[in-house]
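The structure appears right after this line, and notes come after that.
Here's what the structure looks like:
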């Protein structure tokens, strides 16, 4: 990724993790997980809910739905993700 380009996925997951915001993860097999994001890397997401932690592979996730809107732009960052859009 070119320097200075925003990684939308990392920003989204990191904001959810920092805020401790409840999320629903929809998996490609139709299963739903509810909880909070505790961590993530290039391949996995750790979700805590119902008193347990689960590591889910990103390729198994179809959608992540936060309980409320996420601010993806840190202070001082241009609000346009890609000026070519």
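In my numbering, the protein residues as written are 1349 to 1433.
Ideal Cβ placement from N, Cα and C applies to all residues, glycine included.
Note that the structure is a prediction, hence the values are computed from the model and not measured.
Residues bridged to residue i (per DSSP)
i            : result
residue 1403 : 1394
residue 1371 : 1383 and 1414
residue 1409 : 1375
residue 1388 : 1393
Expected contact under 8 Å - CB spacing of residue i and residue j to nearest Å
i            : j            : result
residue 1395 : residue 1373 : 6 Å
residue 1402 : residue 1375 : Not a contact, Cβ separation roughly 11 Å.
residue 1420 : residue 1356 : 7 Å
Close-in-space but distant-in-sequence residues of the same chain around residue i (CB under 7 Å, 5 per side omitted)
i            : result
residue 1364 : 1371, 1385, 1414 and 1418
Cβ shell of residue i (< 6 Å), same chain only, five flanking positions each side left out
i            : result
residue 1383 : 1395, 1396 and 1397
residue 1410 : 1374 and 1376
Exposure label - residue i; buried when at least 16 CB within 10 Å
i            : result
residue 1388 : buried
Cβ of residue i within 8 Å of any chain B Cβ
i            : result
residue 1354 : As a matter of chain content, chain B is missing from the structure shown, which is built from one protein chain.
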